[in-house]
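What follows is a set of notes on a single structure, which appears directly below.
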Amino acid sequence: MEVVQTINAMQAYARALQQRGTQVAFVPTMGGLHEGHCSLIRLAKENADHVIASVFVNPTQFGPGEDLERYPRNLERDCELCGEAGADAVFAPSVADMYADGHTVYVVEETVGNILEGAFRPGHFRGVLTVVAKLFLAVQPQVAVFGRKDAQQLWLIQKMVRDLNFPIQIVAGPTVREADGLALSSRNAYLSSEHRRQATCLYRALQRAEDLFVAGERTAAILRTAMQELVSEEPDADMDYIEIVDMDRFSPIATIKDAALAVMAVRVGDTRLIDNWELSTGANKT
Ligand code: PAF
Numbered sequence: 005m006e007v008v009q010t011i012n013a014m015q016a017y018a019r020a021l022q023q024r025g026t027q028v029a030f031v032p033t034m035g036g037l038h039e040g041h042c043s044l045i046r047l048a049k050e051n052a053d054h055v056i057a058s059v060f061v062n063p064t065q066f067g068p069g070e071d072l073e074r075y076p077r078n079l080e081r082d083c084e085l086c087g088e089a090g091a092d093a094v095f096a097p098s099v100a101d102m103y104a105d106g107h108t109v110y111v112v113e114e115t116v117g118n119i120l121e122g123a124f125r126p127g128h129f130r131g132v133l134t135v136v137a138k139l140f141l142a143v144q145p146q147v148a149v150f151g152r153k154d155a156q157q158l159w160l161i162q163k164m165v166r167d168l169n170f171p172i173q174i175v176a177g178p179t180v181r182e183a184d185g186l187a188l189s190s191r192n193a194y195l196s197s198e199h200r201r202q203a204t205c206l207y208r209a210l211q212r213a214e215d216l217f218v219a220g221e222r223t224a225a226i227l228r229t230a231m232q233e234l235v236s237e238e239p240d241a242d243m244d245y246i247e248i249v250d251m252d253r254f255s256p257i258a259t260i261k262d263a264a265l266a267v268m269a270v271r272v273g274d275t276r277l278i279d280n281w282e283l284s285t286g287a288n289k290t
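Here the working numbering runs 4 ahead of the position in the sequence shown, where the first position is 1.
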């Protein structure tokens, strides 16, 4: 498996694939790879001949005081896992190459980018959309795969692709969970064993919303309160937000018609976790 370390080399690699008519599926990551990422690589493999993953801890999507410095970094291990999952190449550029001196152009979505995660992490989505646009221009894939766990990110990337006419099909991969429901995340590595136990409150809260929904409850405030109560039972869990959003517009709603997404962010100790659950009568509930 090839490791490509500069934007120039990546673009040359992409051109060579295009000349051969090879379809490319791309899986962007920040490293700290786990089974969730590997499942996205396997899904990418089902969608194209050639799979490229990227490993880049993007500084512009971290706010002051966030975990940029302690974010897990182990390129060798990440490359090994990418290869085992079926990636043909890894793009691992440096920060200096991605953000050359004097970089001042960013991609900003002006509505959904400012609520929920965007409100609690100002500038986060500006960093995400900018780096994803830059990665797309380096890798030039026909397909790109993102996880549903980062639901607001997924929505914003789909919107960016539509609004800026990137010729890329976005494929969404299901959230992978531990046996007790905790969604896999590189940040789970920060949790002490006691906080790991408390962290299941996110999944339990989402399941409480699901149970109420299945029993016929459609009022967002009632679902939110039930979820909040469950989170507040854990001594070290502090909620940033719990919201019920419309799936098409990603905006909070008061009453669910057919389907909605329950989204939440909770700090367990000093580890911030997000998760979501589709409330619908359909089958795709991960
Ligand atoms: O989801 C992530 O890991 C990151 O936000 C992404 C999409 C790789 C951009 O840095």
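Cβ coordinates follow ideal geometry from the N, Cα and C atoms, glycine included.
The residue among 45, 50, 76 with its C-alpha nearest the C-alpha of residue 89 is 45.
The region 123-140 makes no contact with the region 222-232; the number of CB pairs closer than 8 Å stays below 3. Ranked by Cα distance from residue 158, the options 280, 7, 188, 181 are led by 280. The residue from 116, 9, 22 with its alpha-carbon nearest to that of residue 95 is 9. In this structure the region 179-197 does not lie against the region 244-257, because fewer than three pairs of beta carbons, one per stretch, are closer than 8 Å.
At a threshold of 7 Å, residue 252 does not count as near the ligand PAF, since its beta carbon sits no closer than that to any of the ligand's heavy atoms. Contact check between the region 16-33 and the region 147-163: three or more CB pairs, one atom from each, fall below 8 Å, which counts as touching. Secondary structure in the region 224-271: the beta strand (DSSP E) runs of 3 residues or longer, each lying completely within the stretch, are 241-249 in chain order. Residue 97 is positioned such that its CB atom lies closer than 8 Å to that of residue 60. Around the CB of residue 43, 16 or more other CB atoms lie within 10 Å, so the residue is classed as buried. If you compare the alpha carbons of 130, 104, 107, 105 with that of residue 114, the shortest gap goes to 130.
Between residue 174 and the set 51, 41, 7, the nearest pair of CA atoms involves 51. If you compare the alpha carbons of 87, 124, 23, 81 with that of residue 67, the shortest gap goes to 124.
Every alpha helix (DSSP H) of 4 residues or more that sits fully in the region 171-211 is shown, in chain order, as 197-202. In the three-state reduction of the DSSP assignment, residue 33 falls in the strand class.
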